[in-house]
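Asker: Protein chains in written order, with our numbering: chain A, 375 to 596; chain B, 375 to 596.
2 protein chains.
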Amino acid sequence: MPRDTFINLPDAKRKAITEAAIDEFAAYPFEQASVNRIVANSGIAKGSFYQYFVDKEDLFLYVMGLIAQEKINYLSPVIRNPDEHDFFTVIREMFLSGVQFARAHPRYAAVGRNVLGNKQAPIYRELQAAARPTSFALFEPLIEKAVDRGEVRADIDVGMLNYMIAAMNVSIVEYCSEIDPQSIYETATESVDAFIDLLKNGIRNPDRLVEEQPPARLSAES
Amino acid sequence: MPRDTFINLPDAKRKAITEAAIDEFAAYPFEQASVNRIVANSGIAKGSFYQYFVDKEDLFLYVMGLIAQEKINYLSPVIRNPDEHDFFTVIREMFLSGVQFARAHPRYAAVGRNVLGNKQAPIYRELQAAARPTSFALFEPLIEKAVDRGEVRADIDVGMLNYMIAAMNVSIVEYCSEIDPQSIYETATESVDAFIDLLKNGIRNPDRLVEEQPPARLSAES
DNA sequence: ATATAATGTGACCACCTGGTCACATGACCA
DNA sequence: TGGTCATGTGACCAGGTGGTCACATTATAT
Numbered sequence: 375m376p377r378d379t380f381i382n383l384p385d386a387k388r389k390a391i392t393e394a395a396i397d398e399f400a401a402y403p404f405e406q407a408s409v410n411r412i413v414a415n416s417g418i419a420k421g422s423f424y425q426y427f428v429d430k431e432d433l434f435l436y437v438m439g440l441i442a443q444e445k446i447n448y449l450s451p452v453i454r455n456p457d458e459h460d461f462f463t464v465i466r467e468m469f470l471s472g473v474q475f476a477r478a479h480p481r482y483a484a485v486g487r488n489v490l491g492n493k494q495a496p497i498y499r500e501l502q503a504a505a506r507p508t509s510f511a512l513f514e515p516l517i518e519k520a521v522d523r524g525e526v527r528a529d530i531d532v533g534m535l536n537y538m539i540a541a542m543n544v545s546i547v548e549y550c551s552e553i554d555p556q557s558i559y560e561t562a563t564e565s566v567d568a569f570i571d572l573l574k575n576g577i578r579n580p581d582r583l584v585e586e587q588p589p590a591r592l593s594a595e596s
Numbered sequence: 375m376p377r378d379t380f381i382n383l384p385d386a387k388r389k390a391i392t393e394a395a396i397d398e399f400a401a402y403p404f405e406q407a408s409v410n411r412i413v414a415n416s417g418i419a420k421g422s423f424y425q426y427f428v429d430k431e432d433l434f435l436y437v438m439g440l441i442a443q444e445k446i447n448y449l450s451p452v453i454r455n456p457d458e459h460d461f462f463t464v465i466r467e468m469f470l471s472g473v474q475f476a477r478a479h480p481r482y483a484a485v486g487r488n489v490l491g492n493k494q495a496p497i498y499r500e501l502q503a504a505a506r507p508t509s510f511a512l513f514e515p516l517i518e519k520a521v522d523r524g525e526v527r528a529d530i531d532v533g534m535l536n537y538m539i540a541a542m543n544v545s546i547v548e549y550c551s552e553i554d555p556q557s558i559y560e561t562a563t564e565s566v567d568a569f570i571d572l573l574k575n576g577i578r579n580p581d582r583l584v585e586e587q588p589p590a591r592l593s594a595e596s
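Written out as structure tokens, the structure is:
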């Protein structure tokens, strides 16, 4: 946690520091981020920095907190009340919120990407330990409920689907910002819908005759 | 490229250096990897290192070359002759080869993960620029051919599917090594098959009556 | 045995890192 | 005005970085 001296700082100064920190953590993963650059870019003295934060990590966690809070603002009512909606509607909203968040706050998204890489960095494990329980605990029951409702195939591996959807949630943001960096809203929506459709219906041609269905698993005598 | 002095080195010494380098790049991303640690762990003098390699980057690219070559060995005949097989058979083999490679060479896989994170690091962009053309150029036509053959839905976005499959190829390795670090062969095969099944058929319950099919895209008046 | 070339070596370089600390500055109060 | 206390400051620290270089060692060839 930042020290009181930081909290009591004039808004302009506090903002300057915060902005410089976000820039730095967006440009470099935690280990490579430089306190020297941050203080230089925010126009404060090195010594002052350590009166505001106990650590580089202290600052980093503070920034992550800002990001998390802003991210929550992007969760639509649909996601907050997931039980009242179709499963695919919920994850569609989730994907969309991710894409929109990344477009509205590209620097925040960059920070997130930097921490999501380096998964074996100690700092990641700390964050993960804190955040995972909530995210996973919230989502798995959602899938189970979707199965109960008959929206999702009953033979699905819940853990695996959970993992895959989480992975897709990241990939789709990457994909959208890659094919259309300016990210027109409609393009993103179309991409998300296409993703959802793939997830929902699969990519197999449904018109195809199912002659050779049995040997779906071949070449491995396990 | 390593200098001749490195190529001409006695096998034991060359191996010691290579091993130490792999360990280092598996433990740290390129920027944080330390030449000092590498020379210490391989028992050579700092000066000697720079007679073998021009750079830290030179060594890194050498190691990446080793990994790429070993990875190629894991590509089954099915992948080498993709046109002769069903599309889903090909990507099944691809996923499997990825999982098996990661199990057989965990350090290599760790190096790969470290470079796949830090996507904005200069070193990544260099590698990507070199490797992407081949990987993408090879795979996209495969999807197109699958569509022509009627194996895959014709209304699919080829670019997106390509992206998604590439992303899944990474996620599934992560998933497999997470649920079963020792990675029994059968477990991995089952997981891959489950993934393929999801990709193929989607997660929607096919038995469900398609009453509310039309309003699949709702809540966005785009 | 001697000259020459190739290779091994670690002290050293400039630079950067996160973090500290003695001191300067300034605000507030008596 | 003088005293007290919170805040601002940058020189400084130990330690690490990638990379160099003058020199020692070894191998080769004459």
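Glycine residues also receive a C-beta, built at the ideal position from the N, C-alpha and C atoms.
Being a predicted model, the structure only gives us computed values, none of them experimental.
#1: Taking the alpha carbon of L501(A) as the point to measure from, which residue in G439(A), P376(A), K574(A) has its own alpha carbon closest?
#2: How far does the alpha helix (DSSP H) with R527(A) in it reach, from first residue to last?
#3: Which residues, taken in chain order from the stretch 522–542 of chain B, show a beta carbon closer than 8 Å to some beta carbon of chain A?
#4: Where does R466(A) sit, in a helix, a strand or coil, going by DSSP?
#5: Could you work out which residues of chain B lie near L449(A), taking near to mean beta carbons separated by less than 9 Å?
#6: Which parts of the stretch 394–429 of chain B are runs of the alpha helix (DSSP H), unbroken and 4 residues or longer, counting only runs that do not cross its ends?
#7: Determine the direct distance from the alpha carbon of F462(A) to that of R578(B), and round the result to whole angstroms.
#8: Between E518(B) and the rest of its own chain, which residues show a CB-CB distance below 7 Å, the 5 nearest in sequence each way excluded?
#9: Could you name the residues of chain A that E431(B) contacts, counting a contact when the two beta carbons are closer than 9 Å?
#10: Identify the contact partners of Y549(B) in chain A, using a Cβ-Cβ distance below 9 Å as the criterion.
#11: How is R481(A) classed by DSSP in three states: helix, strand or coil?
#12: Note down, in chain order, every chain A residue with its Cβ under 8 Å from the Cβ of Q406(B).
#13: Pull out every residue of the stretch 549–565 of chain A whose Cβ sits closer than 9 Å to any Cβ of chain B, in chain order.
#14: Taking CB distances under 8 Å as the criterion, tell me whether S471(B) reaches chain A.
#15: Indicate the three-state DSSP secondary structure (helix, strand or coil) for R499(B) in the structure shown.
#16: When the Cα of L535(B) is compared with those of G524(B), L516(B), R523(B), which residue comes out closest?
#17: Cβ of L440(A) less than 8 Å from any chain B Cβ?
#18: Which residues in the same chain have their Cβ closer than 7 Å to the Cβ of V521(B), if we skip the five residues on either side of it in sequence?
#19: Since F475(A) and Y498(A) should fall inside the 8 Å C-beta cutoff, what is the C-beta to C-beta distance between them, to a whole number of angstroms?
#20: Whole angstroms are fine: how far does the CA of N488(A) sit from the CA of L435(B)?
#21: With DSSP collapsed to three states, give me the class of R597(B).
Answerer: Taking the structure as given:
#1: Measuring C-alpha to C-alpha distances from L501(A) to each of G439(A), P376(A), K574(A) identifies G439(A) as the nearest.
#2: Here R527(A) belongs to no alpha helix (DSSP H), and DSSP marks it neither H nor E.
#3: Only G524, E525, V526, R527, A528, I530, D531, G533, M534, L535, Y537, M538, A541, M542 from the stretch 522–542 of chain B bring a Cβ to less than 8 Å from some Cβ of chain A.
#4: Residue state, collapsed to three classes: helix.
#5: For L449(A), no chain B residue has a Cβ inside 9 Å of its Cβ, as the nearest lies near 14 Å away.
#6: Counting only runs of 4 or more, we get 409–416, 420–426.
#7: Taking the straight line from one Cα to the other gives about 9 Å.
#8: If we look at E518(B) and ignore the five residues flanking it on each side, its Cβ neighbours are V532.
#9: Within chain A, no residue comes near E431(B); the closest Cβ sits about 16 Å away, beyond 9 Å.
#10: The contacting residues are G533, M534, Y537, M538, A541.
#11: DSSP, read as helix, strand or coil, puts R481(A) in helix.
#12: Chain order gives the chain A residues near Q406(B) as E405, Q406, where near means a beta carbon separation below 8 Å.
#13: Of all residues in the stretch 549–565 of chain A, Y549, E552, I553, Y559, E560, T563, E564, S565 have a Cβ within less than 9 Å of some Cβ in chain B.
#14: With 8 Å as the cut-off, S471(B) does not count as an interface residue toward chain A.
#15: Here R499(B) sits in helix by DSSP.
#16: Taking only the C-alpha atoms, the option nearest L535(B) is L516(B).
#17: At a cut-off of 8 Å between beta-carbon atoms, L440(A) makes no contact with chain B.
#18: Excluding positions up to five away in sequence, the list reads A528, I530.
#19: Not really, about 20 Å apart at Cβ, beyond 8 Å.
#20: Cα to Cα, the separation comes out at about 22 Å.
#21: Since the first and last residues shown for chain B are 375 and 596, residue 597(B) lies out of range.
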